[in-house]
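Counted the way our numbering counts, the sequence shown spans residues 34 to 373. We put the beta carbon where it would ideally sit given N, CA and C, even for glycine. Keep in mind it's a predicted model, so treat the numbers as computed, not measured.
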Amino acid sequence: MATLDVITAKGRPRVGAARLPRPGGLVRGLGQLLAVGVPVALLATFVTYGLSALTDTNPAAAVLGDLATPADIERMNHQFGLDRPFLVQYVSWLGNALTGDLGYSYFTTLPVRESVARALPVDLSITLVAALVAVFVGGTAGIAAALNNGGRLDRAVTAMCAAASTIPPFVLGIGLIVLFSVTLPVLPSGGYVPLSEDPGQWLRFIILPGLALSLELTAEITRQLRTSLVGALRENYVVGATVRGLSARRVVFGHALRNAVGPALTVLGLYVPRLIGGAVVAEAVFNLPGLGHLALQAADRGDIPVIQGVLLSSLALVLVSNLLVNVALVRLRPAAERRS
Numbered sequence: 034m035a036t037l038d039v040i041t042a043k044g045r046p047r048v049g050a051a052r053l054p055r056p057g058g059l060v061r062g063l064g065q066l067l068a069v070g071v072p073v074a075l076l077a078t079f080v081t082y083g084l085s086a087l088t089d090t091n092p093a094a095a096v097l098g099d100l101a102t103p104a105d106i107e108r109m110n111h112q113f114g115l116d117r118p119f120l121v122q123y124v125s126w127l128g129n130a131l132t133g134d135l136g137y138s139y140f141t142t143l144p145v146r147e148s149v150a151r152a153l154p155v156d157l158s159i160t161l162v163a164a165l166v167a168v169f170v171g172g173t174a175g176i177a178a179a180l181n182n183g184g185r186l187d188r189a190v191t192a193m194c195a196a197a198s199t200i201p202p203f204v205l206g207i208g209l210i211v212l213f214s215v216t217l218p219v220l221p222s223g224g225y226v227p228l229s230e231d232p233g234q235w236l237r238f239i240i241l242p243g244l245a246l247s248l249e250l251t252a253e254i255t256r257q258l259r260t261s262l263v264g265a266l267r268e269n270y271v272v273g274a275t276v277r278g279l280s281a282r283r284v285v286f287g288h289a290l291r292n293a294v295g296p297a298l299t300v301l302g303l304y305v306p307r308l309i310g311g312a313v314v315a316e317a318v319f320n321l322p323g324l325g326h327l328a329l330q331a332a333d334r335g336d337i338p339v340i341q342g343v344l345l346s347s348l349a350l351v352l353v354s355n356l357l358v359n360v361a362l363v364r365l366r367p368a369a370e371r372r373s
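Here it is as structure tokens:
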């Protein structure tokens, strides 16, 4: 049977004393993430269902058209389950959603899961390209600025970050279309090809939306990494490593950067919802058939199952991305796991 640590006079645990297991930082972070994410998901889906119930739109009447009789509408309402009380409808949908069944579209009669599965890769592609560009460019610029702290390069990078933060993604997207699709016709201005069909064409269609979406995140990662790395390079362990004769590359990339990357990774996790929201704007500018396009069509028609499916998928993306960021933080800073 495990017992509490026995503390000696010097404040150290006695050899052989059993230690009670403590949850690691990753496990605790996952628990906190679920503790916040699950209530948010429930509240968001409940509010969406509630707002749909308050509108005057009748999906059954919209599906059947103007020539439908009241008996036809009543029969269709029964088929959709809209003649049941609101809470019964919501609880029924939630129970099915937990098993992966998101229902069927009122208008296309297609499974919502299939519609979301076709649109989701578009948003994932845009978000992934934007994140990769932001991490690579922002990481490189942030490290370069920190190593030239106070110099011309540092000031230039800081000024460019300030300017980049003021440019909305849709404005940059239009500018990229004018430059690379009109002036220099080397990339398409819109459309989409799945990665599984043609990786080369997929990249040609997705690179401009990804670049348009990455600018603000690139600037924020640069600022955060530059600030934290400047502080890390002044720490005693860095000075000690330098005195011991370690190379500058090893000191920066093996010690300082590993401890300085936390704020930049945290920013990346916090920006994922904004990237997903920005992907909707990118879809409109570059004519992409993503979740935003699907949700807009569903909202215009009052197709509640599709709206709920898009909402639930977006929330799942945010939760998974934040979990991945927590894993990366623990891997890069294992001391945080040991201290937890």
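Look at residue 270 here: in three-state DSSP terms it is helix. Look at residue 139 here: in three-state DSSP terms it is coil, with no helix or strand label.
Per DSSP, reduced to three states, the secondary structure at residue 322 is coil, with no helix or strand assignment.
Counting the other Cβ atoms within 10 Å of the Cβ of residue 336 gives 16 or more, which makes it buried. With respect to residue 174, residue 162 sits apart: the two C-beta atoms are not nearer than 9 Å. Counting of Cβ neighbours within 10 angstroms places residue 85 among the buried residues, the total reaching 16 or more. Apart from sequence neighbours up to five positions away, the residues of its chain that approach residue 143 with a beta-carbon distance below 8 Å are 137, ordered along the chain. Look at the beta carbons and you see the segment 305 to 320 not touching the segment 114 to 121: under three pairs across the two are nearer than 8 Å. Rounded to the nearest angstrom, the Cβ distance from residue 263 to residue 274 is 17 Å, too far for a contact under 8 Å. Distance from the CA atom of residue 93 to the CA atom of residue 236, rounded to whole angstroms, is 41 Å. For residue 113, the enclosing alpha helix (DSSP H) has its first and last residue at 103 to 113. In this structure residue 152 is not in contact with residue 209, their Cβ atoms being roughly 23 Å apart against a cut-off of 8 Å. Nearest to residue 213 by alpha-carbon distance, out of 344, 241, 204 and 156, is 241. Nearest to residue 321 by C-alpha distance, out of 224, 349, 69 and 332, is 224. Residue environment for residue 230: exposed (fewer than 16 other C-beta atoms within 10 angstroms of its C-beta). For secondary structure counted as the beta strand (DSSP E) over 3 or more consecutive residues, the segment 273 to 320 holds no complete run. If you draw a straight line from the Cα of residue 249 to the Cα of residue 243, it comes to about 12 Å. DSSP, reduced to helix, strand and coil, places residue 144 within a strand of the structure shown. Looking at the backbone, the Cα of residue 67 and that of residue 353 are separated by about 10 Å. Assigned with DSSP and collapsed to three states, residue 242 falls in helix. With respect to the 9 Å criterion, residue 260 and residue 362 are not classified as neighbours on the basis of their beta carbons. Note on residue 288: 16 or more other CB atoms within 10 angstroms of its CB, so buried under the neighbour-count rule. Distance check between residue 200 and each of 305, 253 and 180 places 253 closest, using alpha-carbon atoms only. Taking the C-beta atoms as reference points, residue 73 is found nearer than 9 Å to residue 348. The alpha-carbon separation between residue 266 and residue 251 amounts to approximately 22 Å. Straight across, the Cα-Cα distance linking residue 188 with residue 295 is about 23 Å.
In the DSSP assignment, residue 223 falls outside any alpha helix (DSSP H), carrying neither H nor E. Residue 164 sits away from residue 324, with the two beta carbons spaced by 9 Å or more. Collapsing the DSSP output to three states places residue 253 in a helix.
The beta-carbon distance between residue 202 and residue 332, rounded to whole angstroms, is 21 Å. This is too long to meet the 8 Å contact definition. Taking the CA atoms as reference points, residue 303 sits about 10 Å from residue 297. Distances from the alpha-carbon of residue 364 to those of 340, 128 and 292 put 292 closest. Here the alpha carbons of residue 158 and residue 221 stand approximately 16 Å from one another. With 16 or more other Cβ atoms inside 10 Å of its own Cβ, residue 96 counts as buried.
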